[in-house]
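See below for the structure under consideration.
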Amino acid sequence: MKKIILLLFCAPLLLATTCDDDETIFCTTEAVAALNVTVRLGDSTTPTSEGVTVVATDGDYTETLQVVDATNPIFIGAFERQGNYIVTVSKEGYQTYTSEMTIITRDECHVIPELINVTLVAN
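Those letters in the sequence shown? Residues -21 to -1, 1 to 102, by mature numbering (1 follows the signal peptide of the UniProt record, and there is no 0).
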């Protein structure tokens, strides 16, 4: 009887040693932009950045998003920063766009990027 009780107490320990809880996760060293905003004007299918301002706000935190490549005008920002963002897009001659809250989360390595498509409407 003692052997059965001892076996019942030791079984969880033996099973735990076979688990692969120590799987190594390799993360890249790149900084990931949490927010990626593409802006189009009216009925145009071509993204633009000319004269456009994109601002992300999370509570007291505010950042003006930047375009890195003018040939592929995507506004990026909030690098590796999770949060609850409101994105405002403005351009002279167009109605200002204000997004619903965009929630940025992260995994074990980086933030999970959100792609936001905005079409501005002329005044």
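A virtual CB, placed ideally from N, CA and C, is assigned to each residue, including glycine.
Of the listed residues the options, nearest to residue i (C-alpha basis)
{"i": "T84", "options": "T7, E2 and V11", "result": "V11"}
{"i": "I91", "options": "S28, E2 and N15", "result": "N15"}
{"i": "residue 116", "options": "T8, C88, N102 and V68", "result": "The question about residue 116 has no answer, for the chain in this structure spans -21 to 102."}
{"i": "V34", "options": "I82, T75 and D86", "result": "T75"}
{"i": "G62", "options": "N51, G38 and T43", "result": "G38"}
{"i": "T43", "options": "D22, F58, A49 and T50", "result": "F58"}
{"i": "N51", "options": "T25, Y64, E93 and E9", "result": "T25"}
{"i": "R60", "options": "E2, E93 and D22", "result": "E93"}
Run of the beta strand (DSSP E) containing residue i, from where it starts to where it stops
{"i": "D37", "result": "T32 to D37"}
{"i": "I55", "result": "I53 to F58"}
{"i": "Y40", "result": "Y40 to T43"}
{"i": "N102", "result": "Here N102 belongs to no beta strand (DSSP E), and DSSP marks it neither H nor E."}
{"i": "S69", "result": "G62 to S69"}
{"i": "I82", "result": "T81 to I83"}
{"i": "T75", "result": "It is not in any beta strand (DSSP E) - T75 carries neither H nor E in the DSSP assignment."}
Other residues of its chain near residue i: CB distance less than 8 Å, five sequence neighbours each side excluded
{"i": "L20", "result": "T27, K70, Y73, T98, L99 and A101"}
{"i": "I95", "result": "L14, N15, V16, T17, V66, S78 and T81"}
{"i": "residue 103", "result": "It is not possible to answer for residue 103, since the shown part of the chain is limited to -21 through 102."}
{"i": "A49", "result": "S28"}
Buried or exposed (CB count within 10 angstroms, at least 16 for buried), residue i
{"i": "F54", "result": "buried"}
{"i": "G56", "result": "buried"}
{"i": "Y40", "result": "exposed"}
{"i": "V46", "result": "buried"}
Sequence-distant residues of the same chain with beta carbon closer than 7 Å to residue i, five excluded per side
{"i": "R31", "result": "The amino acid at residue 31 is misidentified as Arg; the sequence shows Val. Excluding sequence neighbours, V31 sits near V18, V68 and K70."}
Contact set for residue i: own chain, Cβ-Cβ below 6 Å, skip 5 residues either direction
{"i": "T36", "result": "I65"}
{"i": "I4", "result": "E87"}
{"i": "E9", "result": "none"}
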